[in-house]
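J.: Numbering (my numbering), first residue to last: 1 to 1040.
In this text, a Cβ means the ideal position worked out from N, Cα and C, and glycines have one as well.
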């Protein structure tokens, strides 16, 4: 496909070029490939850009010369003569822009960067997925990321910069694409092929210019722009097969019935299933009469197939340059599409994207940039989420009724499906729920951005100004089509003839035709403006100074926000500045400030001032750093920063104007009635939130110390250690004097938290004269936070109940000592929950009062967000063959098996589901995990450490408490990705008019090393939901 498209478009390319083909690699002085380096034929407009491996190829006459250039490196001009391979090592320019790092509102020499910024090559984020966030885990030092769902459209990874540093409302980092804030859903839809840089900013100095928006760190992304030269076309196509990394294993129907009987008998109740039913079911006598429904096989595929396509074109001349890209992704879910319906009830997710970046030199000193971007998603799927159906399978009895009945005599002409059920038709039938309709939604984003950069050297050399305006519109629209299923049950059965008669359980409720409902319509518009004035100059040979002022305004409005407060525009503005000084390119000083305004606070606190300072010392540039030590430690730079960062994202999204009370004058429950039979009502007044003009910014005090070490001119090590103290965290007061006479508890800035940690990254690159190259990379992040001040009841008599000094997100639960040995021990132990017998869980009486209560709950385990994440991998290649692998790891986290959701034979509905009305009015009965069947306490297996306690056929609150019994270690090491690729020789591809063809195969989530075996450990407590996906992928990339 790739060859056909490019060949038909550029069949005459080879004929238009003369001479012979020259190819090679472009590396820097550390042996690293320079992606984007320009190779042109001297005196001609013909040229190419080096790919991500630094490779290039170009047709040139034997008398011609090639010009190699890249910003920050010395330009080289080499004669071709008869050579067919020219490899180039480019040297940095000593006094110009060396390696540049993308920083807030621009770029900066890497040598002068003082703040903590980690940059990742976009090519390292390529995974066979339509969701960029799934590639983040283990890739970036300082970024803690984990994924807990593999469902298309709902598979975003959770990620935090330097862990969870606050227990306030928001811990999420600011995400910026080309300078504009986007939600995580738009980060997920970015295409790696379109990215020029990917950086995370972690300390006060790096994030200062973003003010209050950057309190939790910043993810800064820039997209590619066109470069001067001929049009360059690149196409990448991938097709992949995905399947769950691990399926939950359920017990077979026979085991289910046998152990359900055990659950009843061991509690002194009658058996649920007679031996005749068990025996007839075992031989498969008649599945309509003796059902044994495999709900997993009925609803779920073994694997599914997905496709991805990206096409981009870039180029331009001296006046205008362009980069244009188009993307198409198609993801299919694991739910089966049943031909009994004439509509698609499976998951079908299509994502489209268009991007255009155009740079225009209006004058020699004025550049205009126009960026247009649009992404939209079309989804067709079941009425519930994919995760819902995985959970529904767990809640459905496999032997109570079949998913559907074959028609009996009187239903031979019935057109609708005869869905199975029992009783009065109130049992959950996940097959019916899957088949009863579908929903469609469209989620679209449209962005237009205009930026002007003006060089003001004619006023003052080194003075520059820029302005940018961006407008973004988000649209979401969802409709659903649904009908009410007809449920049937067995009315009679003739064993002699095998004929049965069905009865319709809901003849007046069921429907045969689909209804139409407009579920949701959301429209949000955002406008953003920024203006920048910057200045930089050198004073003599030894001194360099620079400064920057940034002014920005942001406006966001939702058309159908649902409340008066949310319908009002959300506005923020800020002024930020930076000053830098460098002495002899060895000593660097930097000062930053952010002055921000927020609508959420009263006038006394509406504006906040947040400064930061930093310094760096390039030790390896000192005169004493010579000879032997320089050969070992080729580079050494020490950095340190300290500063304050504010955060106005406190409280919930609905808590906007803290200085205003929320009053509802029409509350029936607060009024009174009077008159005959109390038929007259006067509505009362209710105060939902108290005015508080003292609420102010949540503030972070951050300290960061760093060392950058180069070893043997081929390895680079970066170590950051940090400490953060966050105060003025908004909390609801736990102590309010009764004399205040208030029902609603007030809020105040009373919380404090502290976090600390270390980030480490290591890169190694080595090229060999024989044509081999090898590179290695690794990173390590350790982040822990704890409560310093926390508003809570007086726990002086029960100090183990206090959160102060504990990790943020600490789980409390009961300490499970073991299972009771027998009924006598249970009877003579402290009073627990429900009636307990031998084999039930025995909890520790912490306060020794003879009764197990919530006061016996203590801190257990680690938080669910891992303290430690790491990743490492390597790449190697020889000529056209390349191989790479990557491993992802996580440690120091805990999770809890949801004991109630996995308790066999019982009806379970979580409190949240009850509150949301989810599955309301339905009778549920949990399946039996095979692991529980294999390892549970019984009269024949009195294992006091069994996986599951004594079986029960009704919900036991004693055995489903959050406790150490169901606590599990969340640590794991995963083979995240392995890839093998081959790049065809240019002498072959040139014959069909193509510069480069690379084919590759890779796999993702290939294997997981973990002690936990019930489901993929990374899913944690969400293990009953939509599983993570193991992907096998084939791709081809072509360019010319």
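1) At what residue ranges does the segment 598 to 684 contain a whole run of the beta strand (DSSP E), taking only runs of 3 or more?
2) Does the beta-carbon of residue 80 have 16 or more other beta-carbons within 10 angstroms, so that it is buried, or is it exposed?
3) Using the rule of at least 16 other Cβ atoms within 10 Å of the residue's Cβ for burial, across every protein chain shown, is residue 712 buried or exposed?
4) Is residue 54 closer than 8 Å to residue 25 when the C-beta atoms are compared?
5) For the alpha helix (DSSP H) that residue 1042 lies in, which residues bound it at each end?
6) The alpha helix (DSSP H) spanning residue 280 covers which residue range?
7) Going by DSSP in three states, residue 570 sits in which element: helix, strand or coil?
8) Give me whichever residues DSSP pairs with residue 820 in a beta bridge.
9) Taking buried to mean at least 16 other C-beta atoms within 10 Å of its own C-beta, is residue 231 buried or exposed?
10) Can you tell me whether residue 653 is buried or exposed, with buried defined as 16 or more other CB within 10 angstroms of its CB?
11) Tell me the residue span of the alpha helix (DSSP H) that contains residue 30.
12) When we look at the beta-carbon of residue 936 and count the other beta-carbons within 10 Å, is it buried (16 or more) or exposed?
13) Would you decide whether residue 965 is buried or exposed? Buried here means 16 or more other CB atoms lie within 10 Å of its CB.
14) What first and last residue would you give for the beta strand (DSSP E) that runs through residue 967?
15) Report the residue from 320, 106, 687 whose alpha carbon sits nearest the alpha carbon of residue 364.
16) For a quick check, are the C-beta atoms of residue 915 and residue 841 less than 8 Å apart?
17) The beta strand (DSSP E) that contains residue 524, what's its start and end?
18) Taking 8 Å as the threshold (C-beta atoms), are residue 141 and residue 759 in contact?
19) To the nearest angstrom, how far is the alpha carbon of residue 663 from that of residue 192?
20) Pull up the distance between the alpha-carbon of residue 137 and that of residue 1023, whole angstroms please.
21) Give the DSSP-derived three-state secondary structure of residue 181 in the structure shown.
22) Can you tell me which of 418, 889, 36 puts its alpha carbon nearest to the alpha carbon of residue 122?
23) Hey, would you say residue 348 sits closer than 8 Å to residue 396, going by beta carbons?
24) Confirm, please, whether the CB-CB distance from residue 861 to residue 894 is below 8 Å.
25) Would residue 330 and residue 350 be called neighbours here (beta carbons separated by less than 8 Å)?
26) If contact is defined by three or more beta carbon pairs under 8 Å, each pair taking one atom from either stretch, is the segment 220 to 239 in contact with the segment 176 to 191?
27) For residue 499, which residues in the same chain have their Cβ closer than 8 Å to its Cβ, ignoring the five residues on either side in sequence?
28) Can you name, in chain order, every residue of its own chain whose Cβ lies under 8 Å from the Cβ of residue 953, other than the five neighbours on each side?
29) What does a CB cutoff of less than 8 Å around residue 386 pick up in its chain, not counting 5 residues either side in sequence?
30) What residue ranges within the segment 185 to 211 form continuous alpha helix (DSSP H) runs of no fewer than 4 residues, ordered along the chain?
31) Mark residue 838 as exposed unless 16 or more other C-beta atoms lie within 10 angstroms of its C-beta, in which case mark it buried.
32) Since residue 900 and residue 864 are thought to touch, with beta carbons under 8 Å apart, how far apart are those beta carbons, to the nearest angstrom?
33) For residue 1021, which residues in the same chain have their Cβ closer than 8 Å to its Cβ, ignoring the five residues on either side in sequence?
34) Would DSSP call residue 1050 helix, strand or coil?
35) What are the boundary residues of the alpha helix (DSSP H) that includes residue 914?
36) Just to confirm my understanding: we take residue 806, look at its own chain, exclude 5 residues before and 5 after, and list those with CB closer than 7 Å. What are they?
T.: Inspection of the coordinates gives the following:
1) Here the runs fully enclosed are 607 to 618, 633 to 647, 662 to 674.
2) With 16 or more other Cβ atoms within 10 Å, it is buried.
3) So residue 712 ends up on the exposed side.
4) Less than 8 Å divides the Cβ of residue 25 from the Cβ of residue 54.
5) Residue 1042 lies beyond the range of the chain shown here (1 to 1040); nothing can be said about it.
6) Start and end: 275 to 282.
7) Secondary structure of residue 570 (DSSP, three-state): strand.
8) BP columns for residue 820 are empty, so no partner.
9) Taking a 10 Å sphere around the C-beta of residue 231, we find fewer than 16 other C-beta atoms and assign the residue as exposed.
10) Answer is exposed; the Cβ neighbour count stays below 16.
11) From DSSP, residue 30 is part of no alpha helix (DSSP H); its letter is neither H nor E.
12) The residue is buried, with at least 16 neighbouring Cβ atoms inside 10 Å.
13) The residue is buried, with at least 16 neighbouring Cβ atoms inside 10 Å.
14) Per DSSP, residue 967 belongs to the beta strand (DSSP E) from 967 to 969.
15) Per the Cα distances, 320.
16) The Cβ atoms of residue 915 and residue 841 lie no closer than 8 Å to each other.
17) Where residue 524 is concerned, the enclosing beta strand (DSSP E) stretches over 515 to 539.
18) Taking a C-beta distance under 8 Å as the contact criterion, residue 759 and residue 141 qualify as a contact pair.
19) Residue 663 and residue 192 have their C-alpha atoms roughly 49 Å apart.
20) For residue 137 and residue 1023, the gap between their C-alpha atoms comes out near 19 Å.
21) Of the three classes helix, strand and coil, the one that applies to residue 181 here is strand, per DSSP.
22) Ranking the options by Cα distance to residue 122, first place goes to 36.
23) No. Outside cutoff.
24) Yes, these two residues count as a Cβ contact at 8 Å.
25) In contact: residue 330 and residue 350 (Cβ atoms closer than 8 Å).
26) Yes, they touch.
27) Excluding residues within five positions, the ones whose Cβ falls inside 8 Å are 408, 409, 493.
28) Contacts found: 260, 263, 264, 267, 269, 272, 905, 906.
29) Sequence-distant partners of residue 386 (beyond 5 residues in either direction) whose C-beta falls short of 8 Å from its own C-beta, in its chain, are 151, 152, 154, 333, 334, 335, 347, 1026.
30) For the segment 185 to 211, whole alpha helix (DSSP H) runs of length 4 or above, ordered along the chain, are 204 to 207.
31) By the 10 Å Cβ count, residue 838 comes out buried.
32) Actually they do not touch by this definition, with Cβ atoms about 18 Å apart.
33) Within the same chain, residue 1021 has close Cβ partners 864, 895, 896, 897, 898.
34) A query on residue 1050 cannot be resolved here, the shown segment of the chain reaching from 1 to 1040 and no further.
35) Counting along the chain, the unbroken alpha helix (DSSP H) around residue 914 starts and ends at 911 to 916.
36) Counting only Cβ-Cβ distances below 7 Å, and skipping sequence neighbours, we find 786, 787, 859.
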